[in-house]
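Below is one structure; the comments refer to it alone.
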Amino acid sequence: MAGHVRSRRYVLHDFAIGTRHRGVAFVDSGVRDILRAHPPAPAPYYPTDTFVIRRAGDKGLGMFTTSALRVGAIALIEHPTVIAPFVLGLTDTPACDFYDDLFGSLPMRQYEMLMGLANCMPRTSVGHAEGVMATNALAIELDVPATGSNQELSTHRAIFMQASRINHSCSPNAKWEWDRKTLSLTLRAVRPIRAGEEITINYVDPAVPRAERRASLRTTYHFDCNCAACARGDPRSDIARTELRAFGSGLPAFDVWCRDARMPDMVLIRAHERALALIETEGLEVLGCREHIDVITMCYGALADENMFRYWANESREERAQDNMGDLKVVQTWISNPRALPVWGWRRDTIQARRRSSRSPK
Ligand SMILES: [Zn+2]
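So the sequence shown is numbered by the UniProt record's numbering: it starts at 1 and just counts up by one.
So, in structure tokens, the structure goes:
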């Protein structure tokens, strides 16, 4: 245990979010006071009927779409039912008793649902409630200052009645985001998902090689991953993921490329196109395509290539439309009037100036 995690006084805290959601937290007494003083607001809306929970082969239960989801579509918004510290401080109470008390304080229906969640921990080493927590909890951040001897207090673990059913894939088709103001998780598709397809997220970093991913999953979650990427076991996949993980090292910064006419015109564009191709091949949209698309768009703008700029700016707009990014309108403006792009023609001007100077009499 980290040296800075001091002795804690943990207390049970029943929390409500709006009129419909109830949960229970086992938290440091100071964290409880903060949660009480700033009760979370309910999420703005809750999608309905986007998924069902059913058997997912030898993985136990899983989450499956009821209809196709487009990229960026929200499959689920959910508040946690159980919150516990990510790292337990020093106490006299054994960890298994913490979790038994925590689960036991829930109404019977929720208690039974929780106890029915998967437990992949070795039965002899931990109690059932503790095993369910270790198997199903997602790491969340609370709006608690993490300072000095309280470093560990902002990070917690939470169990969600629905989201905790989502299985892992090393090429996940969805990602989840946490909003600490509404204490809610939002689950979004990162690529198109067919009707009836299983929704998956990544429990470990998907950009590391297969053996490393599988070792982490075995150590932490006690299962052997047989997702499509692991089952194929193609050595080219490890090379691609390693390349994506290291992406950017050795590439010139955009403004340096704009000013340096000796660099090839297409150096950044080709590098980011390659990253997008690797992401597609590996099913790693979860790593994000936006940065690559934005750089390509800017490069074509700096080259004053209007056709290609419009094509990629449209891609950029599509990316933003998926989750209503605030800068969507700005991109729309650039599509209608490319010359409004602040870096429009920057590199073209550099190249033209260089040509002029090389032509001028010595
Ligand atoms: Zn896998």
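Glycine residues also receive a C-beta, built at the ideal position from the N, C-alpha and C atoms.
Treat the numbers as computed from the prediction; the structure is a model and nothing was measured.
Residue i: CB within 7 Å of a non-hydrogen atom of ligand 1
i: Ser164; result: no
i: Ala229; result: yes
i: Arg213; result: yes
i: Ser237; result: no
i: Cys120; result: no
i: Cys225; result: yes
i: Ser216; result: no
i: Cys170; result: yes
Beta-bridge partners of residue i, as assigned by DSSP
i: Val11; result: Val27
i: Leu185; result: Glu78 and Trp178
i: Leu217; result: DSSP, once it has assigned bridges, lists no residue as partnering Leu217.
i: Ala158; result: Ile83 and Leu138
i: Ala16; result: Arg22
i: Asn307; result: According to DSSP, Asn307 bridges with nothing at all.
i: Thr200; result: Asn167
i: Ile193; result: Leu69
Spatially closest choice to residue i from the options, by CA coordinates
i: Ile159; options: Ile279, Val132 and Gly301; result: Val132
i: Pro85; options: Ser29, Pro44 and Val52; result: Ser29
i: residue 406; options: Val11, Met266, His38 and Glu319; result: Nothing about residue 406 can be reported from this structure: the residues present for the chain run from 1 to 362 only.
i: Lys59; options: Asp49, Ala118, Pro94 and Asp92; result: Ala118
i: Ser316; options: Cys289, Glu112, Ile193 and Arg157; result: Cys289
i: Arg354; options: Cys258, Thr297, Gly196 and Lys181; result: Cys258
i: Leu244; options: Val52, Glu282 and Met266; result: Glu282
i: Asp179; options: Leu276, Pro40, Val24 and Arg194; result: Pro40
i: Ser171; options: Gly72, Tyr311, Arg236 and Cys230; result: Cys230
i: Gln352; options: Pro342, Asp260 and Ala321; result: Asp260
i: Ala275; options: Cys299, Asn307, Phe254 and Thr242; result: Thr242
i: His156; options: Val204, Pro252 and Ile140; result: Ile140
i: Ile34; options: Leu142, Ala340 and Tyr300; result: Leu142
i: Ser105; options: Thr297, Phe51, Pro80 and Leu12; result: Leu12
i: Asp101; options: Ser164, Met108 and Ala129; result: Ala129
i: Ala321; options: Pro107, Arg194, Pro44 and Gly72; result: Gly72
i: Ala246; options: Asp92, Pro209 and Arg310; result: Pro209
i: residue 378; options: Ser125, Pro94, Asp92 and Thr81; result: Residue 378 lies beyond the residue range present for the chain, which begins at 1 and ends at 362; the question has no answer from this structure.
i: Cys227; options: Asp294, Val204, Ser249 and Tyr10; result: Val204
i: Thr182; options: Ser358, Tyr10 and His21; result: His21
i: Tyr300; options: Arg356, Leu251, Pro338 and Ala211; result: Pro338
Test item: CB-CB of residue i and residue j under 8 Å
i: Glu177; j: Thr186; result: yes
i: Phe103; j: Leu114; result: yes
i: Arg8; j: Gly89; result: yes
i: Leu278; j: Ala240; result: yes
i: Pro42; j: Ile74; result: no
i: Glu174; j: Val190; result: According to the sequence displayed, residue 174 carries Ala and not Glu. The answer is yes: Cβ separation under 8 Å.
i: Gly62; j: Ala68; result: no
i: Arg348; j: Pro192; result: no
i: Asn202; j: His168; result: yes
i: Trp344; j: Ala304; result: yes
i: Trp346; j: Ala302; result: yes
i: Thr65; j: Gly196; result: yes
i: Cys225; j: Arg213; result: yes
i: Val31; j: Leu138; result: no
i: Phe254; j: Met298; result: yes
i: Leu76; j: Ala163; result: yes
i: Ala134; j: Ile83; result: no
Any C-beta of chain D under 8 Å from that of residue i
i: Asp58; result: In the displayed structure, chain D is absent; only one protein chain is listed.
Exercise. Would you mind listing the beta strand (DSSP E) stretches within the region 27-96 that are 3+ residues and don't spill past its ends, in chain order?
Key: 51-55, 61-65, 74-78 and 82-85
Quiz item: Can you give, in chain order, each stretch of the alpha helix (DSSP H) that sits fully within the region 202-277 and has at least 4 residues?
Solution: 210-221, 228-232, 235-245 and 254-259
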